[in-house]
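To start, the structure under review is shown below, and the notes come after it.
Right under this line is the structure:
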């Protein structure tokens, strides 16, 4: 069994709009060294979440706490249309940020 249990639940970013709450996997190897990609795909994931639902952004440990790079980007991209919270730091060192779309 994987030590990253959230990997089983997190999905790759897709073109579909999610009409249920979901998790976006932003901790794959291609995310490890590319913080800009993590931010870009996080914004895409929020854009692909229908109003009234949330997306859990599962970020790579290499980038540290999301307040250092993701929170301002979410504020800039969405202003008052979303609320977010840091849910937890995973055992692998990554982080989960829950973004509620209004």
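Residue numbers (the numbering used here): 3 to 104. Even for Gly, the Cβ is constructed at its ideal location relative to N, Cα and C. Here the structure is a predicted model, which is why all the values come from computation and not from measurement.
In its chain, beyond the 5 residues on either side, 19 and 21 have a beta carbon closer than 6 Å to the beta carbon of residue 52.
The beta carbon of residue 99 lies closer than 6 Å to those of 59, 68, 86 and 88 in the same chain, with the five residues before and after it left out.
Assigned with DSSP and collapsed to three states, residue 72 falls in coil, not helix or strand. Cβ-Cβ separation between residue 33 and residue 103: approximately 22 Å, too far for a contact (criterion under 8 Å).
Boundaries for residue 33: no beta strand (DSSP E) harbours it, while the alpha helix (DSSP H) harbouring it runs 31-34, taken from the DSSP string. In the three-state scheme derived from DSSP, where H, G and I count as helix and E and B as strand, residue 50 is classed as coil. Counting every other CB atom within 10 Å of its CB across the protein chains shown gives residue 61 a total of 16 or more, marking it as buried. Secondary structure of residue 25 (DSSP, three-state): strand.
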